[in-house]
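S.K.: One structure, as structure tokens, below. Some questions next.
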Amino acid sequence: MATADIEIDCEGLLCPLPVLRARKRLLAMVPGEVLRVRATDAMASIDLPHFCGEAGHDYLGSQVEGSVTLHLIRRGPA
Numbered sequence: 784m785a786t787a788d789i790e791i792d793c794e795g796l797l798c799p800l801p802v803l804r805a806r807k808r809l810l811a812m813v814p815g816e817v818l819r820v821r822a823t824d825a826m827a828s829i830d831l832p833h834f835c836g837e838a839g840h841d842y843l844g845s846q847v848e849g850s851v852t853l854h855l856i857r858r859g860p861a
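Position 76 (the sequence shown) corresponds to 859 in our numbering; numbering is contiguous.
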């Protein structure tokens, strides 16, 4: 997996909060930076890739670590 520049913790948050927090953080990032989202909501595995496709960001994939799924997103062009 790619190395993250910034990580946000969305453990325990339900849809749509992980996407909303990722969106807010990505808006403050420089294009090309990578955000790691720690989430426990199973819907985040569907919602985050969909959001990235709609918003022009690159969804780099996910990795499961116990009950937490790590999602990597590369900030798209401004």
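Glycine included, every Cβ here is placed at the ideal spot set by N, Cα and C.
This one's a predicted model, so the numbers in the text were calculated from it and none came from an experiment.
If you follow the beta strand (DSSP E) that residue 855 is part of, which residue opens it and which one closes it?
M.R.: 851 to 857
S.K.: What does a CB cutoff of less than 6 Å around residue 825 pick up in its chain, not counting 5 residues either side in sequence?
M.R.: none
S.K.: For residue 802, which residues of its own chain have a beta-carbon under 7 Å away from its beta-carbon, when the five flanking residues on both sides are left out?
M.R.: 830, 831, 834
S.K.: Compare the beta carbon distance of residue 838 and residue 859 with 8 Å and say whether it is the shorter of the two.
M.R.: yes
S.K.: Is there a C-beta anywhere in chain B that falls below 8 Å from the one on residue 829?
M.R.: Although the question refers to chain B, the structure presented lacks it and comprises just one protein chain.
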